[in-house]
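**Q** Quick note on the numbering used here: the sequence shown kicks off at 192 and runs consecutively. Here a beta-carbon is modelled for each residue, glycine too, at the ideal position from N, C-alpha and C.
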Amino acid sequence: MAIHFDILTLFPGLFDGVFDESIVKRAREAGLVTIALHNIRDYATGRHRITDDTPYGGGGGMVIKPEPVAAAIEAVLGEALGTVPVVLLTPQGRLFNHQVARELSRQRRLLLLCGRYEGVDERVRELLVTDEISIGDYVLSGGEVAAMAIVEAVTRLIPGALGDPGATFEDSHAEGLLEYPHYTRPTVFRGHAVPEVLLSGNHAEIVRWRRRQALRRTWQRRPDLLDQARLSAEDLAYVQELEEGNQTTPSQVATLEDLCYNTGGKSQRL
Ligand code: 9D3
Numbered sequence: 192m193a194i195h196f197d198i199l200t201l202f203p204g205l206f207d208g209v210f211d212e213s214i215v216k217r218a219r220e221a222g223l224v225t226i227a228l229h230n231i232r233d234y235a236t237g238r239h240r241i242t243d244d245t246p247y248g249g250g251g252g253m254v255i256k257p258e259p260v261a262a263a264i265e266a267v268l269g270e271a272l273g274t275v276p277v278v279l280l281t282p283q284g285r286l287f288n289h290q291v292a293r294e295l296s297r298q299r300r301l302l303l304l305c306g307r308y309e310g311v312d313e314r315v316r317e318l319l320v321t322d323e324i325s326i327g328d329y330v331l332s333g334g335e336v337a338a339m340a341i342v343e344a345v346t347r348l349i350p351g352a353l354g355d356p357g358a359t360f361e362d363s364h365a366e367g368l369l370e371y372p373h374y375t376r377p378t379v380f381r382g383h384a385v386p387e388v389l390l391s392g393n394h395a396e397i398v399r400w401r402r403r404q405a406l407r408r409t410w411q412r413r414p415d416l417l418d419q420a421r422l423s424a425e426d427l428a429y430v431q432e433l434e435e436g437n438q439t440t441p442s443q444v445a446t447l448e449d450l451c452y453n454t455g456g457k458s459q460r461l
C-alpha cells in the first residue's frame, strides 16, 4: 500500500524540510511513503548545463528545454517508463481536489514534474506527460509548491499514514462539506463562551449540532459544494430551513470581509 514519489525540479532546495514534519515525516518513517528529489539540471549536457531557452515566436520569458527534462524522466523511470503516471504541474492542468488526491493515492508510484518560468517545452507534454494538474486559479512561480501540496494530500490518504490503524480518517471534505467549529478549554475566552451543547455530554445532540454547523457553514461559504454533497433527508430539511429563514443569502463564495469581522468587515454572518 506504500507509494513512491519522484519529484523532478530545477529547485530541489525548495523542498528542504517540508517533508520532514508531521504526517509526511511519520509516513516516511513507517515506510509508507518514499520521496526522491531529482535536479533536472543534473541531466543537462554541455559545459554550462543550460536548462532553459527563449521561446520560438518571441514573447519574452524563458522555456525549459525538452532534452534535459526528457532525459531526467527516462533516467529516473528506466524500465518503469510507461507504467508510472508522469504528472506535470501546470496552470493548464485539471484542478486538484480531494477526488484527484484519492485517485493518485491508488498508484504505487508517481512522477511529479515541476515546471518553472513560462513552462516546459510542449513536446515533453506530448511525448512523456500522462497527466496535468493545477492546484488552483492563481499564479505560482512554478510547480514546486503544487508538488508539495499533492504529496501531503496524497500521503494523508495512504492507509496507516495518520497513525490511526484501520479506518483512514477522512474529514468532512471527503463528504463534500466544510467542517463544524472546534473548541477547547477554557469554557469562556474573552467573553466568548463555548456553545452549551458541547458541554452537555449529550452525544447524539452534539453530533446533530455539528452536522448542522457543517451544513450551515457550507451553505454560507461554499454553496457550490452543497450541490455535490451526500445529504440525508434530515440534512436537506435543514438546508431548506436555512433557505427559508431570514438568513443572509449568499450569492457567491464569501469574501474575506464577509467572513472575518476582525478586518473591518461590518457584517457578521456566523
Ligand atoms: C505569469 C506568467 N503567466 C502568464 C504569462 C503564465 C504562467 C506561467 C507559469 C503562470 C504560472 C506559471 C508557473 N506556475 C506553475 O508552474 C504551476 C501552477 C500555478 O501557477 N498555479 C496553480 N497551480 C500550478 S501547478 C504549476
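My parser needs the beta strand (DSSP E) runs of 3 or more residues fully inside the stretch 285-326; what are they?
**A** 300-305 and 322-325
**Q** Quick one: complete alpha helix (DSSP H) runs, 4+ long, within the stretch 204-259?
**A** List check, alpha helix (DSSP H) in window: 213-220.
**Q** Applying the 10 Å Cβ sphere with the 16-neighbour rule, what's the burial state of residue 211?
**A** Numbered from 1 along the sequence shown, position 20 holds the residue referred to as residue 211. By the 10 Å Cβ count, residue 211 comes out exposed.
**Q** Of the residues 266, 344, 230 and 216, which one's Cα is nearest the Cα of residue 204?
**A** To locate residue 204, count along the sequence shown from 1; it is residue 13. Answer by Cα proximity: 230.
**Q** Can you check the stretch 337-411 for any beta strand (DSSP E) of at least 3 residues that lies completely inside it and give the ranges in chain order?
**A** Runs found: none.
**Q** What does DSSP give as the partner residue(s) for residue 197 in the beta ladder?
**A** Here residue 197 corresponds to residue number 6 of the sequence shown, with the count starting at 1. 227 and 302, per the DSSP bridge assignment.
**Q** Can you give me the Cβ contacts of residue 401 inside the same chain, cut-off strictly under 7 Å, excluding the 5 residues immediately before and after it?
**A** The sequence position of residue 401 within the sequence shown is 210, counting from 1. Excluding residues within five positions, the ones whose Cβ falls inside 7 Å are 371.
**Q** Where does residue 202 fall in DSSP's three states?
**A** Along the sequence shown, read from residue 1 onward, the residue named residue 202 stands at position 11. In this structure, residue 202 counts as coil in the three-state DSSP scheme.
**Q** Based on DSSP bridge pairs, tell me the residues matched to residue 333.
**A** Locating residue 333 in the sequence shown gives position 142, counting from the first residue. Paired residue(s): 307.
**Q** Could you pull out every residue in the same chain whose Cβ sits closer than 7 Å to the Cβ of residue 207, ignoring the five residues on either side in sequence?
**A** Counted from its first residue, the sequence shown places residue 207 at position 16. Cβ within range, chain order: n/a, list empty.
**Q** Express the C-alpha separation of residue 290 and residue 406 in angstroms, rounding to a whole number.
**A** Along the sequence shown, one-based indexing puts residue 406 at 215. Along the sequence shown, one-based indexing puts residue 290 at 99. Looking at the two C-alpha atoms, the distance is approximately 20 Å.
**Q** Have a look at residue 302 and residue 249 and give me their C-alpha separation to the nearest angstrom.
**A** Numbered from 1 along the sequence shown, position 111 holds the residue referred to as residue 302. Numbered from 1 along the sequence shown, position 58 holds the residue referred to as residue 249. The alpha-carbon of residue 302 is positioned some 31 Å away from that of residue 249.
**Q** Bridge partners of residue 279, per DSSP?
**A** Here residue 279 refers to the residue found at position 88 of the sequence shown. In DSSP, residue 279 forms a bridge with 304 and 323.
**Q** Give me the Cα-Cα distance between residue 329 and residue 252, rounded to the nearest whole angstrom.
**A** Position 138 of the sequence shown, counted from the start, is the residue given in the question as residue 329. Position 61 of the sequence shown, counted from the start, is the residue given in the question as residue 252. Each residue's Cα considered, the two are about 18 Å apart.
**Q** When the cut-off is 7 Å and only beta carbons count, does residue 332 lie next to chain C?
**A** Checking the listed chains, one finds no chain C in this structure; it contains a single protein chain.
**Q** Quick check: is any heavy atom of ligand 1 less than 6 Å from the C-beta of residue 337?
**A** For the purposes of this step, residue 337 is identified with residue 146 of the sequence shown, where counting begins at 1. Proximity of the beta carbon of residue 337 to ligand 1 is indicated: a heavy atom of the ligand is located closer than 6 Å.
**Q** Hey, how far is the Cα of residue 346 from the Cα of residue 408?
**A** The count along the sequence shown starts at 1 and reaches residue 346 at position 155. The count along the sequence shown starts at 1 and reaches residue 408 at position 217. Looking at the two C-alpha atoms, the distance is approximately 27 Å.
**Q** Quick one: what's got a C-beta closer than 7 Å to residue 315's C-beta in the same chain, skipping five residues either side?
**A** As a first step, residue 315 must be located in the sequence shown, where it is residue number 124. Taken in chain order, the residues that qualify are 257, 260 and 261.
**Q** Could you give the residue range of the alpha helix (DSSP H) that holds residue 432?
**A** As a position in the sequence shown, residue 432 is number 241, starting the count at 1. Under the DSSP assignment, residue 432 falls in the alpha helix (DSSP H) whose first and last residues are 424-435.
**Q** Tell me where the alpha helix (DSSP H) around residue 415 begins and ends.
**A** Mapped onto the sequence shown, residue 415 falls at position 224. Where residue 415 is concerned, the enclosing alpha helix (DSSP H) stretches over 414-417.
**Q** Measure the Cβ-Cβ separation of residue 312 and residue 278 and say whether it is below 7 Å.
**A** Within the sequence shown, numbered from 1, the residue matching residue 312 stands at position 121. Within the sequence shown, numbered from 1, the residue matching residue 278 stands at position 87. With a cutoff of 7 Å on beta-carbon distance, residue 312 and residue 278 are scored as not near each other.
**Q** Is the separation between the beta-carbon of residue 367 and that of residue 419 shorter than 7 Å?
**A** For the purposes of this step, residue 367 is identified with residue 176 of the sequence shown, where counting begins at 1. For the purposes of this step, residue 419 is identified with residue 228 of the sequence shown, where counting begins at 1. Contact flag set, yes.
**Q** Could you tell me whether the Cβ atoms of residue 245 and residue 235 are closer together than 7 Å?
**A** On the sequence shown, residue 245 is found 54 positions in, with the first residue counted as 1. On the sequence shown, residue 235 is found 44 positions in, with the first residue counted as 1. Taking a C-beta distance under 7 Å as the contact criterion, residue 245 and residue 235 do not qualify as a contact pair.
**Q** Could you tell me which of 376, 384 and 298 sits nearest to residue 274, measuring between CA atoms?
**A** Along the sequence shown, read from residue 1 onward, the residue named residue 274 stands at position 83. Among 376, 384 and 298, the Cα nearest to that of residue 274 belongs to 298.
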